[in-house]
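Asks: Numbering of the sequence shown is given in this note's numbering, commencing with residue 16 and proceeding in unit increments. My questions will all concern the structure given below.
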Amino acid sequence: MTDGESVYYICAELPPGPMLIAATERGLCRLTLPGEDQDGFWSWLKRRWPAGRLCDDPGYFRSVVAALEAYFQGELRRFDLRLDLCATPFQRRVLREISAIPYGETSSYGRLAARLGQPHAARAVGAATGSNPLPIVIPCHRVIGAEGQLVGYGGGLALKVKLLRLEGHRIEGNKLIS
């Protein structure tokens, strides 16, 4: 980021609750889930763009909010938004693989690691998944444990269950039922 570059943000009221969203001129860069620490959102932005100008600009996000609303209404299955990812090369590879998981399907950390050509890197894939700055847009809720168990989600397991059910999955307890 250059000195004084603008970082736009909005707090959007969406069906699961309030979500903070940020973007640069290059694209969407951060999205928080309801219940996530808002201080963490601001700290994250300041660490990545210490010289950036924060601009509250709801108009900038019309298409993003419309896409998220359509997703929560079950009308959108894949996001087509410009992204400005702040991630390591490995994290980018993992997030690209997660983005390739189709709506209504899931993958395990181990399967993602194998698809990356690193079958023993399930824990590293889990760490990269946990660093996802754009949950829902990059659908990390579709990543589950090896036996179908629902593990870890920044917005909490209750939200993960809601998102998976929205996409047509059956869940009992904290486990996906095939």
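Note that the Cβ used here is the ideal one computed from N, Cα and C, for glycine as well.
Under a Cβ-count criterion, where at least 16 other Cβ atoms within 10 Å of its own Cβ denotes burial, should I192 be classed as buried or exposed?
Replies: As a working note, residue 192 is residue 177 in the sequence shown. Exposed: under 16 other Cβ atoms inside 10 Å.
Asks: Would the beta-carbon of G171 fall within 8 Å of that of G50?
Replies: For the purposes of this step, residue 171 is taken as residue 156 along the sequence shown, with counting starting at 1. For the purposes of this step, residue 50 is taken as residue 35 along the sequence shown, with counting starting at 1. A contact, by the Cβ cut-off of 8 Å.
Asks: Quickly, what does DSSP pair L131 with across the bridge? List them, please.
Replies: The residue labelled residue 131 in the question sits at position 116 within the sequence shown. According to DSSP, which records beta bridges pairwise, L131 is partnered with nothing at all.
Asks: Taking 8 Å as the threshold (C-beta atoms), are A82 and L98 in contact?
Replies: Position 83 of the sequence shown, counted from the first residue, corresponds to residue 98. Position 67 of the sequence shown, counted from the first residue, corresponds to residue 82. The answer is no: Cβ separation not under 8 Å.
Asks: Output the boundary residues of the beta strand (DSSP E) element that contains P33.
Replies: Here residue 33 is taken as the residue at index 18 of the sequence shown, counted from 1. Note, P33: beta strand (DSSP E), 32-39.
Asks: Once DSSP output is grouped into helix, strand and coil, what is the label at Y24?
Replies: If you number the sequence shown from 1, residue 24 lands on position 9. Strand.
Asks: Using the C-alpha atoms, what's the distance from I151 back to T39?
Replies: What you label residue 39 is simply residue 24 of the sequence shown in a count that begins at 1. What you label residue 151 is simply residue 136 of the sequence shown in a count that begins at 1. Those two C-alpha atoms are separated by around 19 Å.
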